Amino acid sequence: MTRSAGRMQRGLIPRPAGNATMRACRATAVAVAALALAAPPPASLAALQNRPGLRLENRMLRQASTHESRGELKEAEATLRELLEVQSGSVAAVLALERVLRADGRIAEALPVLDRYLAEYPRTSQVWQHKLGVLIEADSLAGVETTLENWIRAAPGSPDPYRLGARVLEGVHGVGRAAELIEEGVAALGDLPALVGELAEMQLARGDTAAALAAMRRITEWYPAGTPERRDAWIGELRLLVESPDTEAAMGLLAAFREEHPDAEQLDGLSAGLASRLLGEGKRDEAMAVLSGIEGPGAALERGYLLLEGGAVAEAVAALQVALPDLEPSHATEILELTLALSELTAPGATLAARAAIASHRGDPGHAVTLLRDGVDRLPAPDRPAILALGARLADQAGPAEDATAFRRRIVTEHADSREYPEAALRFARALSAEPGGRAEAVRVLEALIVARPDSPVVPGARRELRRIQTGRSGPGGGGQ
């Protein structure tokens, strides 16, 4: 059995999760599908749902399921075939029989069952999709294209044969053929968002961001101005564009969106993301312009980093503090430590901390660690504990672990009277205890911490860590960080 066939057993070939831009492409298509699911069922489906004999169907399905669970596949098959004789419209029976035949190693025999159902109920997309899966499992790949053609003829005006069929084709023939089928659907049915969203994702999978963006623009323009659907499609397009290299186009599209939707809650995240890209390109003025007038934690955070880069430390600290309440706890702790350090450092120390923070924010914590390691000894002594602590936190992100340990060793050995000492000592001891021959030194560090700072919030954690090391247990003692 092929890999694609194995995936079909679990409910057809799934779409890859992809990155954030690929997920953005699917947003409008998912919304359209949700609307379709919420709509009343077509008359033919309603008739199936309300057909007589539902109690008999349920009883026989339970009976077949019991046989199947016991491994009595022949009995399960016989029950399901009998049910289909009296209830030919039972999708559940068709799919259960497919499953039983697969378990019995006779998956190809499911094809006549599926064909009989589709001859009577030709607009049932789920069964068409299962037939494609069975063809792949049975290595009847030549029948896949023919089945797709038959499905399209059986469901004129429906995007399902193109949209769902493309997902199957991608697993068999790759993205290129799948995208061709979607294009055929667009040519036949027009710019339906359900189709164009799939096309955009496939174009991204092929690495054609420009074509994907063009497809997303078509989705946005398909909806009437002022509708929630247009707004959501526009947001998906912007998310894609903000991640692309074309920051100038992103600025223009974001400005247009902001003019039409000045109160959209997504403006904060979109503006912050674009400002970060612009800052990374050295376009500080453009980044500030994008953030102008935007309220929210994302914008406040980016504004703070922009102010840091411009040397306005006090204003940067204020902006970063505005963002604190809405940040994730771990990120909030990081920003709080940064603002405290910036508020207490001398001008040279604040400048070095700002440069490192900006480098880390731009995605280069390794460079930030190098800046701090090379610059700390040029600073006044009172600045050094905060800079060493910042270096340790950034080294935790960038690696290797030895860099973080080296920063904390200096705090413990050179700045035992500093605010940064207790946490540094605890984490330094934990690192030592994991090194060969490091347990004795770790015990000395913890004992000194407990004696020197008995009221520190980290001391309970230090006591647990000390007991762990002394009893020879593995793993950190936890707490106190």
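Residue 111 in the numbering used here sits at position 94 of the sequence shown, and the numbers go up by one each step.
Every residue gets a Cβ at the ideal spot worked out from N, C-alpha and C, and that includes glycine.
If you're wondering where the values come from, they're calculated on a predicted model, not measured in any experiment.
Less than 9 Å between the beta carbons of Ala232 and Gly214, yes or no?
Yes, Cβ-Cβ distance for Ala232 and Gly214 is below 9 Å.
What residue does the alpha helix (DSSP H) around Lys148 start on, and which one ends it?
Segment 142 to 154, the alpha helix (DSSP H) holding Lys148.
Return the residue from the list Arg484, Glu452, Pro453 that minimises the CA-CA distance to Glu464.
The shortest C-alpha separation from Glu464 is found at Arg484.
Could you compute how far the alpha carbon of Gly150 sits from the alpha carbon of Glu246?
Going from the Cα of Gly150 to the Cα of Glu246 covers about 33 Å.
CA-CA distance, Thr264 and Pro314?
Near 21 Å, if we compare the C-alpha coordinates of Pro314 and Thr264.
Three or more beta-carbon pairs under 8 Å between the segment 468 to 479 and the segment 433 to 442, yes or no?
Because the criterion of three Cβ pairs below 8 Å is met, the segment 468 to 479 and the segment 433 to 442 touch.
Which of the three DSSP states is assigned to His11 in this structure?
Because the chain is modelled from 18 through 498, residue 11 falls outside the range shown and cannot be assessed.
Would you identify the three-state DSSP class for Thr363, choosing helix, strand or coil?
Coil at Thr363, not helix or strand.
How is the alpha helix (DSSP H) around Leu97 delimited, first residue to last?
90 to 103 is the span of the alpha helix (DSSP H), which, as asked, contains Leu97.
Can you check which of these residues, Leu337, Thr368, Asp343, is closest to Glu354 by C-alpha distance?
If we check each option's Cα against that of Glu354, Leu337 comes out closest.
Pull up the CB-CB distance for Pro382 and Ala415, whole angstroms please, since I reckon it's below 8 Å.
Sure, about 4 Å apart at Cβ, within 8 Å.
Report the CB separation of Pro176 from Leu212 in whole angstroms; it is logged as a contact under 8 Å.
Between Leu212 and Pro176 the Cβ distance is about 5 Å, and since that is below 8 Å, they are a contact.
Express the C-alpha separation of Ala227 and Ala37 in angstroms, rounding to a whole number.
Summary for Ala37: the model assigns pLDDT 46, below 50, so the residue's position carries little reliability, and this model does not support an answer.
Are the CB atoms of Ala304 and Leu295 within a distance shorter than 9 Å?
It is a contact, given that the beta carbons lie within the stated cut-off.
Measure the alpha-carbon distance for Thr356 versus Gly478 and round it to whole angstroms.
In a straight line, the C-alpha of Thr356 is about 25 Å away from that of Gly478.
Using 8 Å as the cut-off, can you tell me whether the segment 159 to 172 makes contact with the segment 108 to 123, which would need three or more C-beta pairs spanning the two stretches below that distance?
In short, these stretches do not touch, since the Cβ pair count stays below three.
Look at the Cβ atom of Ala113, then the Cβ atom of Glu154, and state whether they are nearer than 9 Å.
No, Cβ-Cβ distance for Ala113 and Glu154 is not below 9 Å.
So, using beta-carbon positions, are Leu389 and Leu362 closer together than 9 Å?
Not closer than 9 Å, so no.
For Ser86, does the three-state DSSP call read helix, strand or coil?
The answer is helix: DSSP assigns Ser86 an H, G or I state.
Counting Cβ pairs closer than 8 Å, one from the segment 374 to 381 and one from the segment 394 to 405, do we hit at least three?
No: the two stretches stay apart, fewer than three of their Cβ pairs being nearer than 8 Å.
What is the residue span of the alpha helix (DSSP H) that Val185 lies within?
Element bounds for Val185: 177 to 190.
Report, in whole angstroms, the separation of the C-beta atoms of Ile199 and Ala183, which I expect to be a contact under 8 Å.
That pair is a contact at about 5 Å.
Is Ser288 closer than 9 Å to Ile252 when the C-beta atoms are compared?
No, the pair does not count as a contact, with Cβ atoms beyond the cut-off.
Compute the beta-carbon to beta-carbon distance between Ala442 and Val460, rounded to the nearest angstrom, for a pair I have assumed lies under 8 Å.
Their Cβ separation, rounded to whole angstroms, is 12 Å, which puts Ala442 and Val460 out of contact at 8 Å.
The alpha helix (DSSP H) that contains Gly383, what's its start and end?
Looking at the DSSP string, the run of the alpha helix (DSSP H) that includes Gly383 is 382 to 392.
Helix, strand or coil: which one does DSSP assign to Ser261?
Correct three-state label for Ser261: coil.
Applying the 10 Å Cβ sphere with the 16-neighbour rule, what's the burial state of Ala41?
Note that Ala41 scores 45 on pLDDT, short of 50, meaning its location in the model is unreliable and no value can be drawn from it.
Thinking just about the alpha-carbon of each residue, which of Ala281, Leu165, Ala333, Ala266 is nearest to the one in Gly202?
For the residues Ala281, Leu165, Ala333, Ala266, the minimum Cα distance to Gly202 belongs to Leu165.
In the DSSP assignment, the alpha helix (DSSP H) including Thr244 goes from what residue to what residue?
Segment: none, Thr244 is in no alpha helix (DSSP H) and carries neither H nor E.
Determine whether the beta carbon atoms of Ala110 and Arg140 lie at a separation below 9 Å.
No. Outside cutoff.
Please work out which residues of its chain come closer than 6 Å, Cβ to Cβ, to Ala292, disregarding the five sequence neighbours upstream and downstream, and give them in chain order.
If we look at Ala292 and ignore the five residues flanking it on each side, its Cβ neighbours are Ala304, Val307, Leu308, Glu319.
Could you check what DSSP says for Val49 in three-state terms: helix, strand or coil?
Annotation note: pLDDT 34 at Val49 (below 50); position unreliable, no value reported.
Can you tell me whether Ile311 is helix, strand or coil according to DSSP?
Coil, per DSSP.
Under three-state DSSP, which class holds Asp132?
Correct three-state label for Asp132: helix.
Report the residue ranges of all alpha helix (DSSP H) runs contained in full by the segment 266 to 331; include only those spanning at least 4 residues, in chain order.
Taking only runs of at least 4 residues, the alpha helix (DSSP H) segments lying wholly in the segment 266 to 331 are 283 to 297, 301 to 308, 314 to 326.
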